[in-house]
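Okay, structure first, notes after.
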Amino acid sequence: MAQARIGLIGLGVMGANLALNIAEKGFPVVVHNRTASVMHDFIDGAGDLAERLVAAEDYAALAAALTPPRAVIVMVKAGGPVDAVIDDLKPHLDPGDIVIDAGNADFNDTRRREAALREEGFRFVGMGVSGGEEGARHGPSIMVGGADAAYAEIAEIVEAIAARYQDTPCAAHLGPDGAGHFVKTVHNGIEYADMQMIAEVYGMLRDGGSRAPHDIAELFEAWNQGPLQSYLVEITAKVLAAHDPDTGKPMVDVILDAAGQKGTGRWTVIEALKLGQSPSTIEAAVAARSWSAQKALRETGAAILTAHDASQTGPDVLDGDLERALLAARIIAYAQGFSLLSAASAEFDWSLDLARIAEIWRAGCIIRSSLLDDIATAFRGDLPGGNLILAPAFVRTLGETISALRRTVASAAVTGLPVPALSSALAYYDTMRLARGTAALIQAQRDFFGAHGFERIDRDGSGLHGPWGG
Ligand code: 6PG
-3 MAQARIGLIG LGVMGANLAL NIAEKGFPVV VHNRTASVMH DFIDGAGDLA
47 ERLVAAEDYA ALAAALTPPR AVIVMVKAGG PVDAVIDDLK PHLDPGDIVI
97 DAGNADFNDT RRREAALREE GFRFVGMGVS GGEEGARHGP SIMVGGADAA
147 YAEIAEIVEA IAARYQDTPC AAHLGPDGAG HFVKTVHNGI EYADMQMIAE
197 VYGMLRDGGS RAPHDIAELF EAWNQGPLQS YLVEITAKVL AAHDPDTGKP
247 MVDVILDAAG QKGTGRWTVI EALKLGQSPS TIEAAVAARS WSAQKALRET
297 GAAILTAHDA SQTGPDVLDG DLERALLAAR IIAYAQGFSL LSAASAEFDW
347 SLDLARIAEI WRAGCIIRSS LLDDIATAFR GDLPGGNLIL APAFVRTLGE
397 TISALRRTVA SAAVTGLPVP ALSSALAYYD TMRLARGTAA LIQAQRDFFG
447 AHGFERIDRD GSGLHGPWGG
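Note that the working numbering gives residue 426 to position 430 of the sequence shown, counting from 1, and the numbers run on in steps of one.
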């Protein structure tokens, strides 16, 4: 076997599938797992690919089996475990070797690790990998952050294992240090928003329209043939059509309605707020997951509040309206996510290529959708205000869909059905088309109680005050 250039530590679901993907593309991989039996079982079960997999019992063996400059992918739980692996691995590495964190890391950690390892002569790459188990095995979308020279060493492997869109790899070196992990985090934020908006539409069909899961599944399946075509709509149809083998009931009906979250959605919101941004659809999605977890409170609320609430059956919303509403809201969620990327790029001096990011999201990742090609085109062209909702193609689509979003949100409000992400999308859209907003009043209030000062529209100068005194 050829000498291996790449090692991989952590044979959980993602790590194991990534190792098989790398081996399948012809690169020998040295693998290590803390529990040795997992590693041996993995190689035993790898079939023909086993001949390109080498088991390393410890980090010394891993380092010895790799040709310098070594590249070692770390695929362990985010946070402390990544630092622990790096600390234990470092003594076995040489200057110039590359450690690649391919997990979902907080980009602040990535920046810290990159700086610390650089100081010691090593190189660190933060690599966002999207596509779940299937993507890791057969082609994920890969968002890389790190030094140019470090990426040059691993580009061949990264691009070989990535998903392909019309023969172009869905992998890119997006910027230094934490750029790749930041982009992956925002990808997940958009994923949260899209999933939440889909769930809200499902809720309107289920609770507003008394529609059965299989019926809703057919609707999503049909929508997936049109402008909503996307991985998330596709799997929604499949999920809603599935039945529980134990009870025979629709699977979705026996799953506890409390959503988990590992943190990337929350990180998106935290970083956005720090940058003075507000991706409200993502915020709404994170909030909705947190509210969903308050199951006991909601059950109590259902018993107490429903009796005192005069909500009524709202105006009927046609299926076509829901489809258009989802499309409008999805465009707005993408617009918010890309605005955040643009703000971070300016703040951290990353020069992110937003068109390229849209391009590498066209295949392999969880938010892949037919919209991403149009988004890439919009960023390659002249984009008023740098905001996607002002791109000519999206102005047109929003013009055709926004009234459906209005009817959907209005109907949900009258009926008493929660649609936090859809309504946040609408509020953002309406705010962005209001040239004269209402913040003059906020400024006046701030000046009234705290002499905070304001600017006027008819004179230069800041820190001006109103005649509130007497
Ligand atoms: C992806 C997914 C992946 C994972 C999320 C789920 O792009 O492949 O986003 O990263 O499924 O971590 O995140 P939550 O547990 O927070 O929903």
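Glycine residues also receive a C-beta, built at the ideal position from the N, C-alpha and C atoms.
Asked                                                                                                                                                                    : Found
For residue 191, I'd like the list of residues in its chain whose CB is within less than 8 Å of its CB, leaving aside the five on either flank, ordered along the chain. : 228 and 281
Looking only at its chain, what residues have a beta carbon closer than 7 Å to the beta carbon of residue 386, apart from the 5 residues adjacent to it on each side?    : 379 and 380
Under 8 Å: do the region 216 to 231 and the region 361 to 368 share three or more Cβ pairs, one atom per stretch?                                                        : yes
Taking 8 Å as the threshold (C-beta atoms), are residue 82 and residue 146 in contact?                                                                                   : no
When the distance is taken between beta carbons, is residue 341 closer than 8 Å to residue 347?                                                                          : yes
Please tell me whether, using a cut-off of 7 Å, the distance from the CB of residue 243 to the nearest non-hydrogen atom of the ligand NAD is below it.                  : With respect to small molecules bound, the structure shown includes the ligand 6PG and not the ligand NAD.
Classify residue 402 as helix, strand or coil using the three-state DSSP reduction.                                                                                      : helix
Can you give me the start and stop residues for the beta strand (DSSP E) that residue 151 sits inside?                                                                   : Note, residue 151: premise wrong, no beta strand (DSSP E); alpha helix (DSSP H) at 144 to 157.
Please check the pair residue 142 and residue 172, which I expect to be a contact at CB under 8 Å, by giving their CB distance rounded to whole angstroms.               : 7 Å
Compute every distance between the C-beta of residue 256 and the non-hydrogen atoms of the ligand 6PG, then say whether any falls below 7 Å.                             : yes
Have a look at residue 77 and residue 23 and give me their C-alpha separation to the nearest angstrom.                                                                   : 26 Å
Is residue 141 close to the ligand 6PG? I mean its beta-carbon at under 7 Å from any heavy atom of the ligand.                                                           : no
Would you mind giving the Cβ-Cβ distance between residue 158 and residue 139, rounded to the nearest angstrom? I have them listed as a contact below 8 Å.                : Contact doesn't hold; Cβ gap of about 10 Å is too wide.
For the ligand 6PG, is there any heavy atom lying closer than 7 Å to the beta carbon of residue 177?                                                                     : no
Taking buried to mean at least 16 other C-beta atoms within 10 Å of its own C-beta, is residue 208 buried or exposed?                                                    : exposed
Cutting at 8 Å between CB atoms, please list the residues of its own chain near residue 111, excluding the five before and the five after it.                            : 173
Return the chain-ordered ranges of every beta strand (DSSP E) run that is complete within the region 245 to 296 and spans a minimum of 3 residues.                       : none
Could you give the first and the last residue of the continuous beta strand (DSSP E) run that contains residue 66?                                                       : 62 to 70
Can residue 411 be considered in contact with the ligand 6PG, in the sense that its beta carbon sits closer than 7 Å to one or more heavy atoms?                         : no
Among all the DSSP beta bridges, which residues are the ones paired with residue 97?                                                                                     : 70 and 122
Helix, strand or coil, according to DSSP, for residue 450 in the structure here?                                                                                         : strand
Run the CB neighbour count on residue 130, radius 10 Å, all protein chains shown included, and call it buried at 16 or more, exposed below.                              : exposed
Smallest Cα separation from residue 321: which of 455, 417, 14 and 144?                                                                                                  : 417
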